[in-house]
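**Q** My questions will all concern the structure given below.
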């Protein structure tokens, strides 16, 4: 019951401020809008950071992987090179 009364009185207070002090009411509304935008951006940044930390990028090899022996090693081991096959 107390909560409902406080809610009504709070609404009446803002109504009186909006009615008799429109400039002050606009200031209050702009402050509330800035606080809401800040909290919204903070929440979005936290979600983006969490998603970035949870996702792992695919591993990119530093050098291309070759499955054939290089020409120099093929000569040393007496293996036929891939060009002579």
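Residue numbers (this note's numbering): 12 to 96.
For each residue, glycine too, the CB sits at the ideal point set by N, CA and C.
1) Measuring CB to CB, does residue 28 end up less than 8 Å from residue 36?
2) Output the distance between the C-alpha atoms of residue 33 and residue 47, rounded to the nearest integer angstrom.
3) Which residue wins for smallest C-alpha separation from residue 43, given the options 73, 25 and 65?
4) Using the three-state DSSP reduction, which class does residue 66 fall into: helix, strand or coil?
5) Threshold first: 3 residues or longer. Then list the beta strand (DSSP E) segments lying entirely within the segment 18-47, N to C.
**A** On the basis of the coordinates in this document:
1) As a first step, residue 28 is located in the chain shown; it is residue number 17 there, counting from the start. As a first step, residue 36 is located in the chain shown; it is residue number 25 there, counting from the start. Closer than 8 Å, so yes.
2) On the chain shown, position 22 is the one that residue 33 refers to. On the chain shown, position 36 is the one that residue 47 refers to. Rounded to the nearest angstrom, the gap between the Cα atoms of residue 33 and residue 47 is 21 Å.
3) The count along the chain shown starts at 1 and reaches residue 43 at position 32. Nearest to residue 43 by alpha-carbon distance, out of 73, 25 and 65, is 25.
4) Taking the first residue of the chain shown as position 1, residue 66 is located at position 55. Assignment of residue 66 by DSSP, reduced to helix, strand and coil, places it in the coil class.
5) As far as the segment 18-47 is concerned, it has no whole beta strand (DSSP E) run of at least 3 residues.
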